[in-house]
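Structure first, then comments.
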Amino acid sequence: MANATFLLKLIVLPLICIMGHGLRAQQTHCIYDEPFLKIDFGNIHSPMPFKLTSLPSYNKVKGVCPNDGDYTIASYSMNCFNGNWHNLMADHTAGDQEGRMMIVNASIKPGPFFIVNIAGMKPGKAYQLVSWLVNICRSGQGCTPTPPSLSFSILCNGKLVKKFTTGEIAPTSEPQWKQYAAFFTMPENEHSITLQIDDMTNGGCGNDFAIDDISLLECTMQQTAIEKKPEPTKTTTKPQQEIFKEKKPAAGPVKVPPAPAPTTQKKEPVLKKLPEETTPILSTPEPGKTTRITTLPKPIADRANPLIKRIETEAADLLLELYDNGQVDGDTVSIYHNNHLLLSHAALTDKPLQIKIQLDALHPHHELIMVADNLGSIPPNTSLMILTTKNKRYEIFISSSEQKNAKIVIDLKE
Numbered sequence: 001m002a003n004a005t006f007l008l009k010l011i012v013l014p015l016i017c018i019m020g021h022g023l024r025a026q027q028t029h030c031i032y033d034e035p036f037l038k039i040d041f042g043n044i045h046s047p048m049p050f051k052l053t054s055l056p057s058y059n060k061v062k063g064v065c066p067n068d069g070d071y072t073i074a075s076y077s078m079n080c081f082n083g084n085w086h087n088l089m090a091d092h093t094a095g096d097q098e099g100r101m102m103i104v105n106a107s108i109k110p111g112p113f114f115i116v117n118i119a120g121m122k123p124g125k126a127y128q129l130v131s132w133l134v135n136i137c138r139s140g141q142g143c144t145p146t147p148p149s150l151s152f153s154i155l156c157n158g159k160l161v162k163k164f165t166t167g168e169i170a171p172t173s174e175p176q177w178k179q180y181a182a183f184f185t186m187p188e189n190e191h192s193i194t195l196q197i198d199d200m201t202n203g204g205c206g207n208d209f210a211i212d213d214i215s216l217l218e219c220t221m222q223q224t225a226i227e228k229k230p231e232p233t234k235t236t237t238k239p240q241q242e243i244f245k246e247k248k249p250a251a252g253p254v255k256v257p258p259a260p261a262p263t264t265q266k267k268e269p270v271l272k273k274l275p276e277e278t279t280p281i282l283s284t285p286e287p288g289k290t291t292r293i294t295t296l297p298k299p300i301a302d303r304a305n306p307l308i309k310r311i312e313t314e315a316a317d318l319l320l321e322l323y324d325n326g327q328v329d330g331d332t333v334s335i336y337h338n339n340h341l342l343l344s345h346a347a348l349t350d351k352p353l354q355i356k357i358q359l360d361a362l363h364p365h366h367e368l369i370m371v372a373d374n375l376g377s378i379p380p381n382t383s384l385m386i387l388t389t390k391n392k393r394y395e396i397f398i399s400s401s402e403q404k405n406a407k408i409v410i411d412l413k414e
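Here the sequence shown is numbered in my numbering, starting from 1 and rising by one per residue.
And the structure:
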């Protein structure tokens, strides 16, 4: 959910920074309060109000199945690319009703898909950067996968302060949210950074993912003696790139491993895979939290859901009227709106069933699925939907059966 502190910390003005005098060693006894910043993208009722810096290789789109080089901010993803994607029916944020996430279909060439400026940070302070990611491609697609490998860069005025990498995030048979965490220290006398996230892999089979709950947590040191390391000699080499490690859930103070010894090797670091039981699974609640899991309604999950009509129109109060098409023969239907039951076993007659929908910036996406409860005396179950918008009237002829539903999508026109 958006909050006032978030609006103060995310800025779009150019940042003026200088390179810090190197980075301190990772702290070994950190205590964390509430996140200094959490980007969870809000929910469909209260979207998080921010805009990403212009991206050369990515475009923002609506809907839930972005194409190559596109991304969307949505509360779910379903029936994408002939079933090659997982049906992801909830974001990662616990307890956020119809919460949103960023869904990315990788561009053909590697590059940044997320750039945001963050202000209000404390000079010289250590911070933990945390993010949750899931590869939304199904494994076993019969192609050579090119899984996403992401880099998280902390920059000041375009100069690299610290860089972390996830390693490959492989496709799985079931969607698995994984947490990644790393540490950095703010340069002295600086209050602002730019966070840039790149997909370092060429687009292709297996390189599609969702990201959520990007957080910054300030490290408060416990009052324990810490061995002081000698001041490093000045160098003109680039800051060391570190592995963005998967983080195990922990209670109380978090112990952070010491920084790796300096190395002159130029090999790309590879993330060590944790044991399977330490990887958070979408269907398993995190310790101490109640994770929201949205179950796909059985009539939708058990039947095909072809798209009959997609409409983009201006903001307005929309009126949908549903009639039996042709002879009234006892057809009944159930209607789902964004996977929530709206009408149950409603009889279709020559008098309309009326549904009113609010289409605006807070409610930009509406997905209606018509489910046939029976076939009437004259199969299949057929109906006529009349949609009245601000300036136009649409007639949509619908046919559904016990094997196939009918889906209509209405999006806000920008």
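The C-beta atom is built at its ideal place from N, Cα and C for all residues, glycine as well.
Mapping the DSSP letters down to three states, classify I300 as helix, strand or coil. helix
The beta strand (DSSP E) spanning F152 covers which residue range? S149 to C156
Roughly how far, in whole angstroms, is the beta-carbon of E395 from the beta-carbon of L384, given that I think they are within contact range, below 8 Å? 7 Å
Give me the Cβ distance between K309 and E218, rounded to the nearest whole Å; I'm assuming they're in contact under 8 Å. With 8 Å as the limit, K309 and E218 do not qualify as a contact, their Cβ atoms being about 50 Å apart.
Same chain, Cβ closer than 7 Å to Q403, neighbours up to 5 away in sequence not counted: R303 and A304
Taking only runs of the alpha helix (DSSP H) that begin and end inside the region 141-203, which ones reach a length of at least 4 residues, in chain order? none
Helix, strand or coil: which one does DSSP assign to F209? strand
What do you get for K238, buried or exposed, if any count of 16 or more other CB atoms within 10 angstroms of its CB means buried? Residue confidence for K238 is low, a pLDDT of 43 falling below 50, so the modelled location carries little weight; the figure read from the coordinates is stated next. With fewer than 16 Cβ atoms within 10 Å of its Cβ, K238 is classed as exposed.
Ignore the nearest five residues each way along the sequence and tell me which others in C65's own chain have a CB closer than 6 Å to its CB. Excluding positions up to five away in sequence, the list reads C80.
What residue from S57, P187 and E168 has the CA that sits closest to D108's CA? Asp is not the amino acid found at residue 108; the sequence shown has Ile there. Considering only alpha carbons, the answer is S57.
For G42, three-class secondary structure by DSSP: strand
Give the single residue among T93, N381, F114 and I103 whose Cα lies nearest to the Cα of C137. The residue among T93, N381, F114 and I103 with its C-alpha nearest the C-alpha of C137 is I103.
Counting Cβ pairs closer than 8 Å, one from the region 190-204 and one from the region 83-91, do we hit at least three? no
Nearest neighbour of L362, chosen from P112, H45 and T72 [CA to CA]: Minimum Cα-Cα distance from L362 among the listed residues P112, H45 and T72 corresponds to H45.
Going by the CB atoms, is the gap between M78 and M121 shorter than 7 Å? no
For L349, which residues in the same chain have their Cβ closer than 8 Å to its Cβ, ignoring the five residues on either side in sequence? Sequence inspection shows Thr at residue 349; the Leu mentioned does not correspond to that position. Once the five neighbours on either side are set aside, the close Cβ partners of T349 are Y323, D324 and V328.
How is the beta strand (DSSP E) around V64 delimited, first residue to last? Taken as a continuous stretch (DSSP letters only), V64 belongs to no beta strand (DSSP E), as it is neither H nor E.
If we call anything under 7 Å between Cβ atoms a contact, is K178 one with L133? yes
Helix, strand or coil at N374 according to DSSP, with G and I counted as helix: coil
Could you name the residues that DSSP lists as bridge partners for H337? H340 and L368
Using beta-carbon positions only, say whether T346 and M370 come within less than 7 Å of one another. With the sequence shown as reference, residue 346 is identified as Ala, and Thr is not the correct amino acid for it. No, the pair does not count as a contact, with Cβ atoms beyond the cut-off.
Look at the alpha carbon of S399 and the alpha carbon of E98, and state the distance between them as a whole number of angstroms. Near 29 Å, if we compare the C-alpha coordinates of E98 and S399.
Give the DSSP-derived three-state secondary structure of F36 in the structure shown. coil
Whole-angstrom distance between T194 and A447, CA atom to CA atom: There is no way to answer for residue 447, as the model of the chain reaches only from 1 to 414.
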